[in-house]
Structure formats: C-alpha cells, structure tokens
Amino acid sequence: MKNYIHANQERFFQELFTLLRIPSISAKPEHKQDMYKCAGRLAELLKEAGADDARVYETAGHPVVYGCKDMGAARTVLVYGHYDVQPPEPLEKWRTDPFEPVIAKDPATGEDAIYCRGANDDKGQLFMHLKAFEFLLKTGQLRHNVKFIFEGEEEMGSPSLPAWAEAHKDLLKADVILVSDTTMISEKVPSINCGMRGLAYLEVKVTGPDKDLHSGHYGGAVANPINELCALIASLHDENGRVTIPGFYDDVVELPADDRALLNKAPFNLEEYKKFLDIKEVKGEKGYTTLERTAIRPCLDVCGIWGGYTGVGAKTVLPSVAHAKVSMRLVPWQTSARITKLFQEHLERIAPPYVKVEVTPCEGGDGFLIPISSHAYQAASKAMAEVYGIEPVPARGGGSIAILADMQRILGIDPLLMGFGLERDTIHSPNESYLLRQFFAGMESIVGFYKYY
3 MKNYIHANQE RFFQELFTLL RIPSISAKPE HKQDMYKCAG RLAELLKEAG
53 ADDARVYETA GHPVVYGCKD MGAARTVLVY GHYDVQPPEP LEKWRTDPFE
103 PVIAKDPATG EDAIYCRGAN DDKGQLFMHL KAFEFLLKTG QLRHNVKFIF
153 EGEEEMGSPS LPAWAEAHKD LLKADVILVS DTTMISEKVP SINCGMRGLA
203 YLEVKVTGPD KDLHSGHYGG AVANPINELC ALIASLHDEN GRVTIPGFYD
253 DVVELPADDR ALLNKAPFNL EEYKKFLDIK EVKGEKGYTT LERTAIRPCL
303 DVCGIWGGYT GVGAKTVLPS VAHAKVSMRL VPWQTSARIT KLFQEHLERI
353 APPYVKVEVT PCEGGDGFLI PISSHAYQAA SKAMAEVYGI EPVPARGGGS
403 IAILADMQRI LGIDPLLMGF GLERDTIHSP NESYLLRQFF AGMESIVGFY
453 KYY
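The numbering of the sequence shown is my numbering, which starts it at 3 and goes up by one.
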C-alpha cells in the first residue's frame, strides 16, 4: 500500500479536495443543495474506485449514499461514514478559508497536514476507506464483500438514518460495521475505541416579562431571565462535580478497580494536556482521573448561552428572554430518552414562580460497548500493530456517534471504530486539520484489517 499511496497521492489529494470544497453543513438549511452535491460526488468516487453500484437515496432529511462490491465472499464489511460537517464559525479564527483545503505545516511540529473543515471529521477519514478499497480491488487482494453507507446528518444526531436503515435492512446485511470517525488517545500509541458515550442535547428557554424592560425602572423589582437561567444552570452540579438531577446516575455502572486500572494504563501526560489546552488545572467529577471522566463517566455541559443586548456599547435593558443549549454525555445503559425526561422534569420542578421555563429536546442517542475479544477487533489490532509498530490500546471514546447504537440494534452487528484523528486536529473548531502521516497510516491499517479479518 505504501507504494500505491506514493504513486497516487497527488490524485488522492485532488479527489479529496473536491469533497472538502463543498460546504456540506447539515445544520444550515441554506446548504441543502450542497448536501446533494456532496452526496453525488461521493457516489461518483465510489464508482471510480470500483463499486458495482453507487447511488444516492432520499431520506426524510439529507440524502444517504450507498455503494457495494459483491465478491461472493463469506464475510461482508459495512463501511460507515458521514459527509456532513460542522459550521465553520467563528470564521475570524481560521488561518485559511475553511472550505478551501491546503496542505501546510503544523505550527507546533512542522509536519504536513491538510487544513479544511471536514479534513478529519469525517471526509478525510471516510476517504481512506475509498482508497483502501480501490487498492485491494485493483491489486486483486479484495476477498470480502464491501458495502458503504455515508450519511449527511451525523452532526445533527442522525435523525433520519434509523428509519432508513430499518427500511433497508436487507440491503445493509453485513458482519461488521467498520468506522473511522474517532481519535486515537496518543500520537505515540494507537488505540481502538471499544465504546462511546451517548448524548442528550436540549435547549432551555427562560422567559420573564413580556418585553425588554428599562434596567433602571425595573431592575431589582422584576426577575431577570439571564440571572435566573444562570442560577438554574449553576444548581445542576454539586461541589464534587456531580450532576444533581435526581435519578441521573441510576443506570451508571461503576467499573471495578481492575478495569479502571487498565483504562489508566493508556499513555497520558496531564501536564502536556493542560499545556495543550492552555489551562492551569483540570476540573471534573471528584474521585476520577481525566481519562475516566471523559470515557466512563457521564457529564453535563452548557454549550451556548445568550440573551439580552450583546452589541457594541451600553443598552440598559432587563431582557425578556434567555436561552441555553445543554449537552449531556451519557455512558452505556443510560438512555438518551430517559435522561432527557429527567432533565425536563427537574428543571420544571425547580423553576422559580417568577419566570417560565421551557425545555426542548434537540438531538440524542445512546452509547455502546463492543467486546475486544471479537474477531473484528483482533483483526484491527493486528493491522494497526503492523503499521505503528506497537499494539493498540483499547479505549472508550468520550464523544458520541449516536447512529452506531441504532445500527447495532437494527442490524444486529457490532461497530468497530478504527479512528486515526488526533486531539491536535481540533475537529468542530477553527483550523481543523489532518496530519498526512495519519491519513496514510489509516489507509495502510484499513488494508491490514481486510488482510486479517
């Protein structure tokens, strides 16, 4: 594969860049046509790589791309990825145009990386599968049936894909779901995610008076929705960093000491972590390490808060309304539906009488675990050990890919997460990038997976 990459890398870049230039932002209605454009381009690339069939399917939301290659084999691999991306804002923080890919040096290490929205998450990572497939097919080494499903709503919580997958179960029959949409725990030591957290995401609206009021005439006499919202949010954690919603931890399984010790064997330098984030100290649930807090424990965070006047200069108003967006990352056995209900009931119960509180669910999904003893996991482990020269560490992802728990349930097969991103790639943030060495190592590792699976 190394020689094939070297001989074709310029073509690889040009093909990938045609995807990266399309602003396929699923959350923004004005980009609806870009979603179809990106889906169509993926179908073209699948056909060019050698798929027997590649087409764009309608869903209740953004389209799904499906492709396949039937080799008459005993095993079938279903490759999942997503072509939608996060909005690029704040634009002023980008060093380059977020939708004009460039290869530039990493400011910290001097290594070459692709800079663009979607370079890692997930266009760059799904593209590795297209090229690994192309290589295996052209060199006569493909001995599996391969199916591809690329969706356009992962960054929105995949609201349309479960129903589409349910309706196309026969089309998606496979033995494993192969996914590259995660990060490794270290630049020095590779890892394979054997589980991910779920998500419950909601919006809170606090309403006071029916209009903005003069802060001098009414300040101190009428409840300020922003003040009340801040108080409500502050009450959601106790002094030990635990979430105070009754019932929140009912389904959280406390890992035994041996399992926690295994998790903490992963290479992790707290001082480097703090330096990378430019913070003086970490903060989280008391009694757990940083690795545990982001892998085996749930959390609650405010992702956005707004209200009142935020323009230049002073405007002395007491606002009528305040808003917040709240994200809760959940561990396996906590369900998004139940936690969402508990959050709604709790906030409505503790809301003071002088404001009105409304909670609107936005998106959600459950977490999952997979056994590291499976044949697919072992094949991935051997492949990555061969490429990186060291056996990968089993890890749990702190993020969420909500659809994978649904796919696991609907299709009755486990996902396998071979992700090659790194924390330095700053996905979802300005200046998203993907190191070329990880891009190429990912292709080699995927080829190795098919070799050992």
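The C-beta atom is built at its ideal place from N, Cα and C for all residues, glycine as well. From a predicted model like this one, the values you see are computed outputs, not experimental measurements.
Put simply, of Asp183, Pro432, Ala443, Tyr455 the residue whose alpha carbon is nearest the alpha carbon of proline 90 is Pro432. Taking one beta carbon from each stretch, the segment 74-81 and the segment 96-106 have fewer than 3 pairs nearer than 8 Å; the two do not touch. In the three-state reduction of the DSSP assignment, tryptophan 308 falls in the strand class. Non-local C-beta neighbours of serine 338 in its own chain, meaning closer than 8 Å and more than five positions away in sequence, comprise Gly200, Leu201, Ala202, Leu332, Gly366, Gly367, Asp368, Ala404, ordered along the chain.
Beta-carbon to beta-carbon, cysteine 70 and alanine 53 are separated by about 6 Å, close enough to satisfy the 8 Å threshold. Between the beta-carbon of leucine 424 and that of glutamine 440 there is about 6 Å, and that keeps the pair under the 8 Å contact cut. Exclusion of the five residues before and after lysine 133 leaves Phe14, Met445 as the residues of its chain whose Cβ lies within less than 7 Å of its Cβ.
Contact annotation: the segment 398-416 does not touch the segment 225-238, with fewer than three C-beta pairs closer than 8 Å.
Tyrosine 117: member of the beta strand (DSSP E) spanning 114-117, first to last residue.
Taking 8 Å as the cut-off, the beta carbon of glycine 210 is found closer than this to the beta carbon of valine 357. When the beta-carbon positions are compared, alanine 326 and glycine 306 come within less than 8 Å of each other. DSSP links arginine 57 through a beta bridge to Tyr68. Between the alpha carbons of threonine 111 and aspartate 408 lies a distance of about 39 Å.
For valine 148, the enclosing beta strand (DSSP E) covers residues 147-153. Of the candidates Val81, Thr342, Asp261, the residue whose Cα lies closest to the Cα of leucine 174 is Val81. Taking 8 Å as the cut-off, the beta carbon of glutamate 294 is found no closer than this to the beta carbon of arginine 244.
Note that the C-beta distance between valine 323 and valine 206 is not below 8 Å. Per DSSP, the continuous beta strand (DSSP E) segment holding arginine 331 begins and ends at 323-332. Under the three-state reduction of DSSP output, arginine 398 falls in the strand class. Fewer than three pairs of CB atoms, one per stretch, sit closer than 8 Å, so the segment 29-40 makes no contact with the segment 129-145.
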